[in-house]
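S.K.:
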């Protein structure tokens, strides 16, 4: 009997298809994904089990790695993970031509990372390739390049994700359920965002022509409201820059996913620091 956790010594032969290559490229780009993400992006109309079977073949041949964490945190508390998450394997890195692109996956940060990936995948589905999506590991690489060119670069806030659509560029801050220092530490981080934006550092490092907003996404609407109220009392500069919204877990086989979806991503997503609705589909709201 084969184990779900161990690759077989002699896997069945595989003939890579163009879709397989596209899957490996997207796993490399997003860093960590679920089978549901890959199904939405590349297997429309095909059952999830068939998608999982193909991903297993790519895992067996080391194009992908897959990780079963002992526990992930869902809305109703910790539970056993029944499905893996996928990241780039050794042969997959060789296929896309850049071994450094293999992102580190941290079990403790899995929920946090998947929130950002869910949002970016939804944007890809809604906007196609016109949406430039940048996961956190891509943003860190931009910082490394900028520091090489500019050794005196000040300490930069690195978003959890970022994206650019025709309306502008957006940074994403995913607030964990428990964060050291609580809401006040988050607001201090927002103040650094405002300062770095004002001095042009963010645009210089991340190559954003126009930073439209920083989306601050919290686990619940109540937390978003509390954080927004504190920011309104505390922030002096850059108050226009921040939109506050929330993500919400919907456990699916033990793996946390968010409310973001192909159709919902462009509807009312958040509110400004003063409470006005903000939506990716209504540029006049800015």
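In the working numbering, the protein residues as written are 42 to 327. Positions of the beta carbon are idealized from the N, C-alpha and C atoms, including for glycine.
What's the C-alpha gap between residue 99 and residue 271?
M.R.: Residue numbering aside, residue 99 sits at position 58 when the chain shown is read from its first letter. Residue numbering aside, residue 271 sits at position 230 when the chain shown is read from its first letter. Spanning the two alpha carbons is a distance of roughly 47 Å.
S.K.: Give, in chain order, every unbroken run of the alpha helix (DSSP H) that is at least 4 residues long and sits entirely within the region 183-270.
M.R.: Whole alpha helix (DSSP H) segments, 4+ residues: 223-239, 242-247.
S.K.: Helix, strand or coil for residue 146, going by three-state DSSP, please let me know.
M.R.: Along the chain shown, one-based indexing puts residue 146 at 105. Note: residue 146 maps to coil in three-state DSSP.
S.K.: Nearest by alpha-carbon distance to residue 257: which of 199, 76, 283, 125 is it?
M.R.: Translated into the one-based positions of the chain shown, residue 257 becomes position 216. Of 199, 76, 283, 125, the residue nearest in Cα terms is 283.
S.K.: With distances taken between CB atoms, is the gap from residue 164 to residue 133 smaller than 8 Å?
M.R.: Your numbering for residue 164 matches position 123 in the chain shown. Your numbering for residue 133 matches position 92 in the chain shown. No.
S.K.: Buried or exposed: where does residue 58 fall if 16 or more other Cβ atoms within 10 Å of its Cβ makes it buried?
M.R.: The residue you call residue 58 lines up with position 17 of the chain shown. So residue 58 counts as exposed.
S.K.: Measuring from the CB of residue 150, is there a heavy atom of the ligand ADP at a distance below 7 Å?
M.R.: Among the components modelled here there is no ligand, and therefore nothing to report on the ligand ADP.
S.K.: What residue ranges within the region 71-107 form continuous beta strand (DSSP E) runs of no fewer than 3 residues, ordered along the chain?
M.R.: Whole beta strand (DSSP E) segments, 3+ residues: zero.
S.K.: What residue from 101, 80, 84 has the CA that sits closest to residue 50's CA?
M.R.: Residue numbering aside, residue 50 sits at position 9 when the chain shown is read from its first letter. With distances taken between Cα atoms, residue 50 lies closest to 101.
S.K.: Identify, in the order they occur along the chain, each residue of the same chain with its Cβ nearer than 7 Å to the Cβ of residue 184, setting aside the five sequence neighbours on each side.
M.R.: Against the chain shown, residue 184 aligns to sequence position 143. Once the five neighbours on either side are set aside, the close Cβ partners of residue 184 are 197, 199, 246.
S.K.: Quick check: what's the CA-CA separation for residue 275 versus residue 267?
M.R.: The residue you call residue 275 lines up with position 234 of the chain shown. The residue you call residue 267 lines up with position 226 of the chain shown. Looking at the two C-alpha atoms, the distance is approximately 12 Å.
S.K.: In its own chain, which residues sit with a C-beta less than 7 Å from the C-beta of residue 243, not counting the 5 before and 5 after it?
M.R.: Locating residue 243 in the chain shown gives position 202, where the first residue counts as 1. Taken in chain order, the residues that qualify are 237, 249, 252.
S.K.: State the DSSP-derived secondary structure class of residue 316, mapped to helix, strand or coil.
M.R.: On the chain shown, residue 316 is found 275 positions in, with the first residue counted as 1. Looking at residue 316 - three-state DSSP - the assignment turns out to be coil, as it is neither helix nor strand.
S.K.: Pick out whichever of 127, 161, 170 has its Cα sitting closest to the Cα of residue 211.
M.R.: To locate residue 211, count along the chain shown from 1; it is residue 170. Of the candidates 127, 161, 170, the one whose C-alpha sits nearest the C-alpha of residue 211 is 161.
S.K.: Which residues bound the beta strand (DSSP E) around residue 126?
M.R.: Here residue 126 is taken as the residue at index 85 of the chain shown, counted from 1. Per DSSP, residue 126 belongs to the beta strand (DSSP E) from 126-129.
S.K.: Spatial neighbours of residue 131 within its chain, please: CB distance less than 6 Å, with the 5 preceding and 5 following residues excluded, ordered by chain position.
M.R.: Taking the chain shown and counting its residues from 1, one reaches residue 131 at position 90. 103.
S.K.: So for residue 152, helix, strand or coil by DSSP?
M.R.: Sequence index remark: in the chain shown, residue 152 carries index 111 (1-based). The answer is helix: DSSP assigns residue 152 an H, G or I state.
S.K.: What's the C-alpha gap between residue 129 and residue 92?
M.R.: Here the question's residue 129 lines up with position 88 in the chain shown. Here the question's residue 92 lines up with position 51 in the chain shown. If I take the Cα positions, the gap works out to 17 Å.
S.K.: Which residue marks the beginning of the beta strand (DSSP E) containing residue 171, and which one marks its end?
M.R.: Position 130 of the chain shown, counted from the first residue, corresponds to residue 171. Run containing residue 171: none; DSSP gives neither H nor E here.
S.K.: Taking the beta carbon of residue 55 as the centre, do at least 16 other beta carbons fall within 10 Å, making it buried, or is it exposed?
M.R.: Against the chain shown, residue 55 aligns to sequence position 14. Under this definition residue 55 is an exposed residue.
S.K.: Give the secondary structure of residue 278 by DSSP, where H, G and I count as helix, E and B as strand, and everything else as coil.
M.R.: Locating residue 278 in the chain shown gives position 237, counting from the first residue. Here residue 278 sits in coil by DSSP.
S.K.: What does DSSP give as the partner residues of residue 283 in its beta bridges?
M.R.: Here residue 283 is taken as the residue at index 242 of the chain shown, counted from 1. Answer is 255.
S.K.: Quick check: what's the CA-CA separation for residue 137 versus residue 109?
M.R.: Position 96 of the chain shown holds residue 137. Position 68 of the chain shown holds residue 109. Straight-line Cα distance between these residues: approximately 24 Å.
S.K.: Give a yes or no on contact between the region 172-184 and the region 223-238, applying the rule of three or more CB pairs nearer than 8 Å.
M.R.: With the cut-off at 8 Å, the region 172-184 and the region 223-238 do not touch.
S.K.: Using the C-alpha atoms, what's the distance from residue 202 back to residue 156?
M.R.: Translated into the one-based positions of the chain shown, residue 156 becomes position 115. Translated into the one-based positions of the chain shown, residue 202 becomes position 161. Straight-line Cα distance between these residues: approximately 10 Å.
S.K.: Tell me, to the nearest whole angstrom, how far the beta carbon of residue 146 is from that of residue 73; I am working on the premise that it is less than 8 Å.
M.R.: Mapped onto the chain shown, residue 146 falls at position 105. Mapped onto the chain shown, residue 73 falls at position 32. Between residue 73 and residue 146 the Cβ distance is about 5 Å, and since that is below 8 Å, they are a contact.
S.K.: Assign residue 265 to one of two classes, buried (16 or more other C-beta atoms within 10 Å of its C-beta) or exposed (fewer than that).
M.R.: Residue numbering aside, residue 265 sits at position 224 when the chain shown is read from its first letter. So residue 265 ends up on the buried side.
S.K.: Are the beta-carbon atoms of residue 193 and residue 173 separated by less than 8 Å?
M.R.: Taking the chain shown and counting its residues from 1, one reaches residue 193 at position 152. Taking the chain shown and counting its residues from 1, one reaches residue 173 at position 132. No, the Cβ-Cβ distance between residue 193 and residue 173 is not below 8 Å.
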